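Input: a single structure, listed below in structure tokens.
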Amino acid sequence: MMVLALNKVSTSASWNLTTLPVSFGKDVILWCSVGEKKENKFSKQGTDLQQWTGGQQYDLLCMDNKCLNPSKYEMLTRNNSQDFGLLIHNLSESDLDCQYTCSCGFSDFTKNLSVEPKHVMSLPANETTTTYGKNINSGKMEIEIVLEKVNPVPVCSALFKGLFINETTVAVIKWYTYYNDVKVIYNFPVDSIGCEGRLQILCTFVYRNVTIFDEYIDLCQEENANMPTMTLLGIGFSGSVIILSICIWLTKRRKAQFGLQCWTNEKKKQVERINDNHVQLLTPSEKYQQEKETSTMMEV
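So the sequence shown is numbered by this note's numbering: it starts at 1 and just counts up by one.
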């Protein structure tokens with residue numbers, strides 16, 4: 001016990017995250033700084049055991065430049081220095097909010113790996129997280145692009161034929177701990193800017209510019225193609241209105257003629273009944289005279 005006490009070395013250690021801002025899918029480094037040894041005259045110069053422990057399960061990760069999972073972790077050292085580091089490949093959200101310990105000899109230091117959301121940069125993946133739709137209406141083309149799990153909330157601008165037009169509208173549609181789902185909305189004024197050319201939408205994430213939309217648009221053909229269609233629709237609508245008006249007029253006229261004919265027939269029958277009743281009261285000579293007058297009137 002006395003020998004161990006005489007050979008014990010007094011050191012201090014601490015580790016810090018040296019990669020800021022951090023990006024999911026990229027590598028980060030935790031660097032462990034070990035203080036100078038304070039040896040007595042009986043101790044011997046030697047190399048202390050270096051190791052890293054941590055992660056979700058708080059397991060042994062690396063020891064003396066050897067790591068249990070080399071595809072995920074890698075140990076870093078410096079010549080003529082006791083300082084050493086832990087390289088974490090392909091950083092994910094599961095690597096954060098966990099305790100990590102660096103040990104060197106009799107010294108160790110444990111701390112929680114936490115990062116403020118403002119120091120996390122998450123860029124959109126072109127294949128999986130970018131979806132967009134286009135809608136052309138009233139001389140404007142509306143573009144909506146959804147970016148999933150990005151951070152920080154970007155500032156986006158539109159360029160047409162390489163020239164800045166204006167900024168777009170960016171709305172957060174879902175919040176997470178370290179990133180957000182956002183929707184980028186842009187109304188492209190076709191009538192005032194132009195209907196043919198290269199349209200780009202660029203978003204800035206801290207110091208990175210990412211193009212989320214890049215297409216050569218040609219809305220002139222669509223407008224010209226829509227004109228004959230609209231003309232045909234107008235002609236068809238006008239023809240339908242005219243035909244409907246004619247049908248209504250003919251129907252009303254037919255009803256009027258039918259009503260007049262019914263009224264005439266009824267009046268004729270009334271006259272005949274009156275005449276028959278009157279004829280029965282007349283003498284033969286008067287009947288003859290009446291028939292003669294009636295015949296003349298009917299001819300007229």
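Ideal Cβ placement from N, Cα and C applies to all residues, glycine included.
None of these values were measured; they are calculated from a predicted model.
Distance CB(V184)-CB(I145) smaller than 8 Å: V184 is a Cβ neighbour of I145, given a cutoff of 8 Å.
Counted within 10 angstroms of its Cβ, other Cβ atoms place T235 as buried (16 or more) or exposed: In the sequence under discussion, the amino acid at residue 235 is Ile, which differs from the Thr named in the question. I235 is classed as exposed because its beta carbon has fewer than 16 other beta carbons within 10 Å across all chains shown.
When Q51, P189, L219, V241 are compared against N107, the one with the closest alpha-carbon: Per the sequence presented here, residue 107 reads as Ser, with Asn not at that position. Checked all of Q51, P189, L219, V241; the closest Cα to S107 is Q51.
Inter-residue spacing [alpha-carbon to alpha-carbon] between L219 and L199: Near 12 Å, if we compare the C-alpha coordinates of L199 and L219.
Residues near V190 by beta carbon distance below 7 Å, same chain, minus five either side: If you ignore the 5 residues before and after V190, its C-beta comes within less than 7 Å of the C-beta of G139, K140, M141, L219, all in its own chain and listed in chain order.
Assigned secondary structure, N7 (DSSP; H/G/I helix, E/B strand, else coil): Residue placement at N7 is flagged as unreliable, the pLDDT there being 39, under the threshold of 50; the coordinate-derived value follows with that caveat. Three-state DSSP puts N7 in a helix.
N- and C-terminal bounds of the beta strand (DSSP E) containing V146: From DSSP, the beta strand (DSSP E) with V146 extends over 140 to 150.
Straight-line Cα distance separating A13 from M75: In this model, M75 and A13 are separated by some 16 Å (Cα to Cα).
CB contact flag (D303, N112, <8 Å): Because residue 303 is not part of the residues shown, which for the chain are 1 to 300, the question remains open.
Residue from W15, R208, T211, F213 with nearest C-alpha to S350: Given that the chain is displayed from residue 1 to residue 300, the structure contains no residue 350 and the question cannot be resolved.
Candidates F24, P117, S71, Y100, of which the one nearest G85 by Cα: Checking every option, the nearest Cα to that of G85 belongs to Y100.
Alpha-carbon to alpha-carbon, I143 and T168: Here the alpha carbons of I143 and T168 stand approximately 10 Å from one another.
Of the residues V120, S81, V170, G239, the one placed nearest T177, counting alpha carbons only: The residue among V120, S81, V170, G239 with its C-alpha nearest the C-alpha of T177 is V120.
Pair within 8 Å by beta-carbon distance, N69 and G25: Cβ distance not < 8 Å, so N69 and G25 don't count as in contact.
Bounding residues of the alpha helix (DSSP H) (the contiguous stretch that carries D108): Careful: D108 lies outside any alpha helix (DSSP H), inside the beta strand (DSSP E) at 107 to 113.
Where D48 falls: helix, strand or coil (DSSP): DSSP places D48 in coil when its eight states are reduced to three.
Residue interval of the alpha helix (DSSP H) (run including V190): V190 -> alpha helix (DSSP H) spans 190 to 193.
Minimum C-alpha distance to D27 - residue among T19, V34, S33: Looking at T19, V34, S33, the one whose alpha-carbon comes closest to that of D27 is T19.
Closest Cα partner of C203 within the set K72, G55, T110, V153: Relative to the Cα of C203, the nearest Cα in the group K72, G55, T110, V153 belongs to V153.
For Y58, the nearest candidate out of T110, K66, P21, N65 (CA to CA): Nearest in C-alpha terms to Y58, of all of T110, K66, P21, N65, is T110.
Bridge partners - R78, DSSP secondary structure assignment: Paired residues: none, contrary to the question.
Reduced DSSP secondary structure (H/G/I, E/B, other) of L233: L233 sits in a helix when the DSSP states are folded into three classes.
Contacting residues, own chain, Cβ-Cβ under 7 Å from I193 (five flanking each side not counted): Contacts found: F160, I165.
Same chain, Cβ closer than 7 Å to D214, five either side skipped, listed in chain order: Excluding residues within five positions, the ones whose Cβ falls inside 7 Å are Q200.
According to DSSP, residues forming a beta bridge with G25: DSSP output for G25 lists no bridge partner at all.
Straight-line gap, N65 to Q82 (C-alpha atoms, nearest Å): Near 13 Å, if we compare the C-alpha coordinates of Q82 and N65.
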